[in-house]
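4 protein chains.
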Amino acid sequence: MTQQQRTVAAGHASPWHGGRRRRDRALKRDAVIRAAARAFRERGYHNTSLDDIAAALGVTKPTLYYYVRNKQDLLFECFQAGLAGIGAAFDEARRSHGNGRERLRIVLRGYALAIASEFGWCMVRAEDQDLDAAMSARIRARKGEIDRQIRALIQQGTADGSIRDCDAKITAFAIAGALNWIAHWHRESEALAAADIADRFIGFFEDGLRPRR
Amino acid sequence: MTQQQRTVAAGHASPWHGGRRRRDRALKRDAVIRAAARAFRERGYHNTSLDDIAAALGVTKPTLYYYVRNKQDLLFECFQAGLAGIGAAFDEARRSHGNGRERLRIVLRGYALAIASEFGWCMVRAEDQDLDAAMSARIRARKGEIDRQIRALIQQGTADGSIRDCDAKITAFAIAGALNWIAHWHRESEALAAADIADRFIGFFEDGLRPRR
Amino acid sequence: MTQQQRTVAAGHASPWHGGRRRRDRALKRDAVIRAAARAFRERGYHNTSLDDIAAALGVTKPTLYYYVRNKQDLLFECFQAGLAGIGAAFDEARRSHGNGRERLRIVLRGYALAIASEFGWCMVRAEDQDLDAAMSARIRARKGEIDRQIRALIQQGTADGSIRDCDAKITAFAIAGALNWIAHWHRESEALAAADIADRFIGFFEDGLRPRR
Amino acid sequence: MTQQQRTVAAGHASPWHGGRRRRDRALKRDAVIRAAARAFRERGYHNTSLDDIAAALGVTKPTLYYYVRNKQDLLFECFQAGLAGIGAAFDEARRSHGNGRERLRIVLRGYALAIASEFGWCMVRAEDQDLDAAMSARIRARKGEIDRQIRALIQQGTADGSIRDCDAKITAFAIAGALNWIAHWHRESEALAAADIADRFIGFFEDGLRPRR
DNA sequence: TATGAATGAGTATTCATTCAT
DNA sequence: GATGAATGAATACTCATTCAT
Chain A
32 MTQQQRTVAA
42 GHASPWHGGR
52 RRRDRALKRD
62 AVIRAAARAF
72 RERGYHNTSL
82 DDIAAALGVT
92 KPTLYYYVRN
102 KQDLLFECFQ
112 AGLAGIGAAF
122 DEARRSHGNG
132 RERLRIVLRG
142 YALAIASEFG
152 WCMVRAEDQD
162 LDAAMSARIR
172 ARKGEIDRQI
182 RALIQQGTAD
192 GSIRDCDAKI
202 TAFAIAGALN
212 WIAHWHRESE
222 ALAAADIADR
232 FIGFFEDGLR
242 PRR
Chain B
32 MTQQQRTVAA
42 GHASPWHGGR
52 RRRDRALKRD
62 AVIRAAARAF
72 RERGYHNTSL
82 DDIAAALGVT
92 KPTLYYYVRN
102 KQDLLFECFQ
112 AGLAGIGAAF
122 DEARRSHGNG
132 RERLRIVLRG
142 YALAIASEFG
152 WCMVRAEDQD
162 LDAAMSARIR
172 ARKGEIDRQI
182 RALIQQGTAD
192 GSIRDCDAKI
202 TAFAIAGALN
212 WIAHWHRESE
222 ALAAADIADR
232 FIGFFEDGLR
242 PRR
Chain C
32 MTQQQRTVAA
42 GHASPWHGGR
52 RRRDRALKRD
62 AVIRAAARAF
72 RERGYHNTSL
82 DDIAAALGVT
92 KPTLYYYVRN
102 KQDLLFECFQ
112 AGLAGIGAAF
122 DEARRSHGNG
132 RERLRIVLRG
142 YALAIASEFG
152 WCMVRAEDQD
162 LDAAMSARIR
172 ARKGEIDRQI
182 RALIQQGTAD
192 GSIRDCDAKI
202 TAFAIAGALN
212 WIAHWHRESE
222 ALAAADIADR
232 FIGFFEDGLR
242 PRR
Chain D
32 MTQQQRTVAA
42 GHASPWHGGR
52 RRRDRALKRD
62 AVIRAAARAF
72 RERGYHNTSL
82 DDIAAALGVT
92 KPTLYYYVRN
102 KQDLLFECFQ
112 AGLAGIGAAF
122 DEARRSHGNG
132 RERLRIVLRG
142 YALAIASEFG
152 WCMVRAEDQD
162 LDAAMSARIR
172 ARKGEIDRQI
182 RALIQQGTAD
192 GSIRDCDAKI
202 TAFAIAGALN
212 WIAHWHRESE
222 ALAAADIADR
232 FIGFFEDGLR
242 PRR
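Residue numbers (the working numbering), protein chains in the order written: chain A, 32 to 244; chain B, 32 to 244; chain C, 32 to 244; chain D, 32 to 244.
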């Protein structure tokens, strides 16, 4: 199997081999990060070599270093790429005029979609263990920030009566855990679209198991 | 710091250095698996070398091979050790005379406790990516079995009216995800005891976010 | 800190960034070789990357190849640059009307100044190991020539009675070694000026340790 | 050429292939360091790969790591091995009853022999540039100590009248430089034995170039 | 039982060098 | 003239695994 074929086989276009030579650095960097995200999700961070990623792009390994400092940097960038969607969801929630529960719903949908994206696995699995102190701290900070915002929405909801009186911390953990886990089982090929999954999860979060009369 | 001291410092006894020479193979094997579970949870599977585990036990690396075939075998055994608690929970649920929701509650509590145990991380993270085909298949089979049983309980509950009519598959995924995630943030040192966490999670699952009137 | 600033900070002008655009190729080539000499002396040949040298000049790596064939060529040119001073010293000695010892003194002073220059390290360290066969041979030839000429001066001195009867070869080795070593410890910032060092070394060579009565 | 033959060709016995398997760890470690010293001297530190050294011993690369932490550690050990001889010379000088010049002579002979040994190159070339901060500091400290002791002997000599009144610092630099340089040109195969070289150098140091009447 | 010793295989990273623009 | 982009080759270092003792 040639490089070309492998690239094609993977079903993902590479800016390096699209007929006319693209010169857009940002585009290529993006492709590198995307390829890494897919590889990490598929095989795991440690089971993915830079050669794997380079091969998926039809490029040689040192080329990657032209766009990214490190392997861990690659993981970090995947993490950040996924984060964008979540940030947007928080923005949207902030702009909305709904009550706490409605706002939370907006955020959770965005969160679920991000987790179901190709960057989801990296977001969820970018961990201390694989990153140096500085990056580890940055990631923990961002994750902490998200957690804090979710709790805040829950508390808003309990304040305005749209959410039952509950332990915001534990509830946020449960919700985030359920959503994070999507990264472990969802594949784009699945029958259920990401948006569908998000809505059903939210339905469950809102109504719970016990029947309402 | 000597090996001995490190072992002691970690606060975990080693059957190799407990005064009277223990000759019990099973006991030592257990210790090996426990040490592995702790190390994997702490540093991750790939960031833990067999030397690390051996050092934690005050033993040399080849000794481990006397008790276990492989590094991946070690991971598998950790997975299995955690499974025991879940199996027991299903047994208890089966013996109980409660309705579906009550039975599910029993299972979820057992599941949560298992995940919060020192083996929890391994159970949740024992993945295809790090195991050969055979083991990977065995693990997937067991995880699938648990999923199926949880869905069955949910369906029982909807049948007997104790659980709202819902998509059993998605609900099971949400619940399992929330519980699995506990392995990522819970540490024994935490203020909240595992049992407490379990009950609060179950409370959230049952009642949901929306206030009941 | 930008490239520009770094260049300035290093206190060495670059013909690429000096206001009026210098078009003089020779000048630029000179600057390249000087920058290399400084970098090699500071960090060693192998610990200096072409990127380092380019950065010191505020230029990109491929630009260097416009002025020089190779990395090893760079080293060779530094070697040659240092050699000029020594050649001049030999010329001066040849023109002088002093006896052997006086002529030798002239040469040694020139030699010492060359070694103390920014090219000294390269002259002394340009070695077989880092150069291909051809260059290695050229360098060895020049070094051999210098050695031969120094020995000749010594022999002249012994002939005219200005130098004690001694083994010219071993004496030349001792003298050259002592002078070469200057490259390892002398820095321009040092209190002792190069000329001063040269004179003191020559004093020691001429008079020896044992007191004369 | 097979591994065996290459080992033989190099003319150096390897404790790994001497018929009966030697189990003496210290012996093997010594052999590793010796092999490194020879390789570094021959090809230079950076041009020597660990594979080269391993091959010279008829062993595989990871084996080296069983005896030594690092490549730089290897260099450091070579440095230390050479140091032993110098330390002994200082001891002997201390025990001697001669005057300053006679004591200095003892030290310089020992120094010269050490430099001419297989470790000489490493001693002379173990440099900051190739070592991390800690090792670099240790080496500088030891070199500084030797320099200080040589200066002290010179001052002793000037005090007791056996050495001319001179700048101890510059004289020590000149002498050490001349001796260090031996590592660059002396090979065991040379006609002149190390002891011979030492004596001739010392003769030059003591008597100087100018004839005494 | 346990271990000292050894190794094969793998992998991130660096860097001199090239070349089309 | 200068550079952005790419790459081939090299290399230190790690680690699971084996085996004789």
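Glycine is no exception: its CB is placed at the ideal position from the N, C-alpha and C atoms.
Computed from a prediction, not measured in an experiment: that's the story for all the values here.
Let me know the secondary structure DSSP gives H77/D once reduced to three states.
Reduced to three states, the DSSP call for H77/D is coil.
If you compare alpha carbons, which of D230/B, W152/B, Q111/B is closest to W212/B?
W152/B
Does DSSP put V138/D in a helix, in a strand, or in coil?
Secondary structure at V138/D: helix, using DSSP grouped into helix, strand and coil.
contact_flag[the segment 226-239 of chain C, the segment 183-203 of chain D] where n(CB pairs < 8 Å) is 3 or more:
yes
Compute the Euclidean distance between the alpha carbons of L114/B and M154/B, then round it to the nearest angstrom.
7 Å
Rounded to whole angstroms, what is the Cα-Cα separation between I181/D and L135/D?
7 Å
Can at least three beta-carbon pairs, one atom from the segment 81-90 of chain B and one from the segment 51-70 of chain B, be found at a separation below 8 Å?
Yes, the segment 81-90 of chain B is in contact with the segment 51-70 of chain B.
Is P93/C buried or exposed, if buried means 16 or more other CB atoms sit within 10 Å of its CB?
Exposed, since its Cβ has fewer than 16 Cβ neighbours within 10 Å.
Any Cβ of chain A within less than 9 Å of the Cβ of S193/B?
yes
What do you get for H217/D, buried or exposed, if any count of 16 or more other CB atoms within 10 angstroms of its CB means buried?
buried
Between the CA atoms of A87/C and Q34/C - distance to the nearest angstrom
For Q34/C, the pLDDT reaches just 40, beneath the cut-off of 50, and the residue's location in the model is therefore unreliable, leaving the point undetermined.
Counting only Cβ pairs nearer than 7 Å, list the residues of chain A close to I177/B.
Within chain A, no residue has its beta carbon less than 7 Å from that of I177/B; the closest one is some 13 Å off.
Rounded to whole angstroms, what's the CA-CA distance from R179/A to R173/D? Just pull it up for me.
56 Å
C197/A versus chain B: which residues are under 9 Å apart at the beta carbon?
Close partners of C197/A in chain B (Cβ separation under 9 Å): R231, G234, F235, D238, L240.
According to the neighbour-count rule (16 or more other Cβ atoms, all chains shown, within 10 Å of its Cβ), is T91/C buried or exposed?
exposed
Test item: CB-CB of V138/B and I117/B under 9 Å
yes
Any beta carbon of chain D sitting closer than 9 Å to that of Q160/C?
At a cut-off of 9 Å between beta carbons, Q160/C contacts chain D.
For C153/C, three-class secondary structure by DSSP
helix
Taking the alpha carbon of K102/D as the point to measure from, which residue in E219/D, Q187/D, M166/D, A209/D has its own alpha carbon closest?
M166/D
T91/B - containing alpha helix (DSSP H), residue span
No alpha helix (DSSP H) holds T91/B; DSSP gives it neither H nor E.
What do you get for S45/B, buried or exposed, if any count of 16 or more other CB atoms within 10 angstroms of its CB means buried?
buried
C109/D, DSSP secondary structure in three states:
C109/D falls in the helix class under three-state DSSP.
Looking only at its own chain, which residues have a Cβ that is under 8 Å from the Cβ of R243/B, when we skip the five neighbours before and after it?
none
Same chain only: Cβ atoms within 6 Å of L105/C, ignoring 5 sequence neighbours per side:
A67, V99
Where R74/A meets chain B, residues with beta-carbon distance less than 7 Å
Q160
So T94/C contacts chain D; which residues on that side make the cut at Cβ distance below 9 Å?
Neighbours of T94/C on chain D: none; closest Cβ ~25 Å, over 9 Å.
Can you give me the Cβ contacts of R60/C inside the same chain, cut-off strictly under 8 Å, excluding the 5 residues immediately before and after it?
Residues Y98, V99 of the same chain have their beta carbon placed closer than 8 Å to that of R60/C, with the five preceding and five following residues left out of the count.
So which residues on chain C does A205/D lean against when the C-beta distance must stay under 7 Å?
A209, F232, F235
The alpha helix (DSSP H) enclosing L238/A, as first and last residue numbers:
The sequence as given places Asp at residue 238/A; Leu does not occur at that position. Per DSSP, the unbroken alpha helix (DSSP H) holding D238/A starts and ends at 225-238.
For chain A, find out if any of its Cβ atoms is closer than 9 Å to the Cβ of N78/B; answer yes or no.
yes
How would you list, in chain order, the residues of chain B whose beta-carbon sits under 8 Å from the beta-carbon of R132/A?
L240, R241
Short check: CB of I31/C to CB of R132/C, under 9 Å?
For residue 31/C there is no data in the structure shown, the boundaries of chain C being 32 and 244.
Selected residue, minimal CA-CA separation from N130/B, among E237/B, G192/B, A57/B
Closest option to N130/B, Cα to Cα, is G192/B.
Would you give the residue range spanned by the alpha helix (DSSP H) that S167/A belongs to?
Counting along the chain, the unbroken alpha helix (DSSP H) around S167/A starts and ends at 164-191.
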